[in-house]
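Using the numbering used here, read the sequence shown as starting at 2 and increasing by one per residue. For glycine and all other residues, C-beta sits at the position ideal for the given N, C-alpha and C. Have a look at the structure below before the remarks.
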Amino acid sequence: MLNSQNKARCFRIGEIYLMKFNGRAHEQQGWRPGLVFQNNTGNQYSPNIIALPLTSSLKKRSQPTHVFIPANDDTKLKKDSMVLCENPECISKDRIGSYITTLPDQYMSQVTIANLLATSSISFINPEELITTWEKSLVLNSVSF
Numbered sequence: 002m003l004n005s006q007n008k009a010r011c012f013r014i015g016e017i018y019l020m021k022f023n024g025r026a027h028e029q030q031g032w033r034p035g036l037v038f039q040n041n042t043g044n045q046y047s048p049n050i051i052a053l054p055l056t057s058s059l060k061k062r063s064q065p066t067h068v069f070i071p072a073n074d075d076t077k078l079k080k081d082s083m084v085l086c087e088n089p090e091c092i093s094k095d096r097i098g099s100y101i102t103t104l105p106d107q108y109m110s111q112v113t114i115a116n117l118l119a120t121s122s123i124s125f126i127n128p129e130e131l132i133t134t135w136e137k138s139l140v141l142n143s144v145s146f
């Protein structure tokens, strides 16, 4: 299932693919859906992507770093799932399998907030810097493929 042709493939933030996670112990492992969570500039130029694992085990739904994604016509997921925003993994593009879906913006917003809460890195940014940082992120995601 490994795909060496993926190095030339254009992955976009918000897309869900089947991915091979190499977790240990309590980390997610094996082939499972994963959410591309790296900016599109990084996705274009890096041989790796940053991914967040999805699970259909819906434990700890109230945890602020977990985002519930229902299986429905909007998400195109086959099972109700949860994005585990506290478990990002750097994944080589050759460990990415078939495309599943692209998450609607409403869920990407929730995932973004949960990811910020997972690291609490936002607490180091002055409120005035938030707009500038947001504008930079728009540029990083505006890469055309």
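- Within the segment 48-79, not a single complete alpha helix (DSSP H) segment reaches 4 residues in length.
- Across the set Gln45, Asn49, Ala72, Pro48, the C-alpha of Ala72 shows the shortest separation from the C-alpha of Ile101.
- Beta-carbon to beta-carbon, Pro54 and Leu118 are separated by about 17 Å, too far to satisfy the 8 Å threshold.
- In the structure shown, the three-state DSSP call for Pro34 is strand.
- For Gly43, the enclosing alpha helix (DSSP H) stretches over residues 41-46.
- Beta-bridge partners of Ser122 (DSSP): none assigned.
- By the CB criterion at 9 Å, Gly31 and Glu90 fall outside the cutoff.
- Shortest Cα-Cα distance from Arg62 to any of Met20, Ser143, Ala52, Leu85 involves Leu85.
- Here the alpha carbon of Thr133 sits roughly 11 Å from the alpha carbon of Ile126.
- In this structure, Ile97 sits away from Arg13, with a CB-CB distance that is not shorter than 9 Å.
- The distance from the Cβ of Leu139 to that of Thr42 is about 11 Å, inconsistent with a contact at the 8 Å cut-off.
- The beta carbon of Thr103 sits closer than 6 Å to those of Gly15, Glu16, all from its chain and outside the five residues before and after it, given in chain order.
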